[in-house]
Amino acid sequence: MNVRVAGHQVDTGESLQSHVHQRIAALADKYFDRAISANVTFGRGPYDDFTCDIVAPVSQGVVLKASNRAGDAHVAFEGAADKIERQLSRYNDRLREHKGNGADAFVENAGYTVFAPPPENPAPKHPAVVAETRVDIPVASVSDAVMMLDLRNTNALMFKNAASQALNMVYRRDDGTIGWVEPRSE
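Take the sequence shown: its letters are residues 69 to 254, numbered as in the working numbering.
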């Protein structure tokens with residue numbers, strides 16, 4: 069079990085670190101038969117409160133993320149840990165429903181690209197679009213992609229549709245529903 073506890077402008081004392089290790093270990097024991105890793109980061113919020121961010125990669129391509137804010141560091145952690153536990157519960161339920169037919173093939177790489185104007189042209193008034201990280205594009209069904217969107221706690225997810233082999237995208241809409249973009253085949 070690899071749990072890293074860090075604090076930005078916050079002293080993470082022995083009591084808090086011990087509590088974090090025990091709670092993450094309990095979650096791992098409850099939902100997994102193998103050890104998982106987690107990064108728990110505490111910080112100070114703008115109103116003198118505490119923030120807690122948890123990032124836990126649980127399997128290839130599935131990263132759980134949660135954050136919480138509270139007046140006490142222990143309470144902030146408990147709120148974030150509760151969110152992670154709900155995500156783990158949903159993840160296990162989905163895996164049981166699909167009986168292992170999940171998205172296990174991660175083959176395409178999205179790459180790293182910086183889009184910027186040529187140096188001889190004057191810079192436009194809008195900033196350059198920058199993609200900062202390399203990500204694997206999973207091969208998944210639409211329902212598996214929605215599950216990954218929930219588990220990663222992101223607003224959008226690009227995936228290769230297992231049925232059509234085309235790149236698709238699911239995204240979280242402002243009204244709380246999930247949108248699905250599939251390219252038209254002509």
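Note that CB positions come from ideal geometry on N, CA and C, so glycine has one too.
About 5 Å separates the beta carbons of residue 71 and residue 106, which is inside the 8 Å limit, making them a contact pair. Counting along the chain, no beta strand (DSSP E) covers residue 220; the unbroken alpha helix (DSSP H) around it starts and ends at 210-220. Residue 209 and residue 77 have their alpha carbons spaced roughly 43 Å apart. Look at residue 145 here: in three-state DSSP terms it is helix.
DSSP places residue 122 within a strand segment (E or B) once states are collapsed to three. Residue pairing for residue 227: DSSP places it in a beta bridge opposite 236.
Under the three-state reduction of DSSP, residue 157 is assigned to helix. Within the DSSP bridge table, the entry for residue 202 names no partner.
Bridge pairing for residue 92: absent [DSSP]. In this model, residue 138 and residue 253 are separated by some 49 Å (Cα to Cα).
For residue 75, the enclosing beta strand (DSSP E) stretches over residues 70-76. For residue 247, the enclosing beta strand (DSSP E) stretches over residues 246-249.
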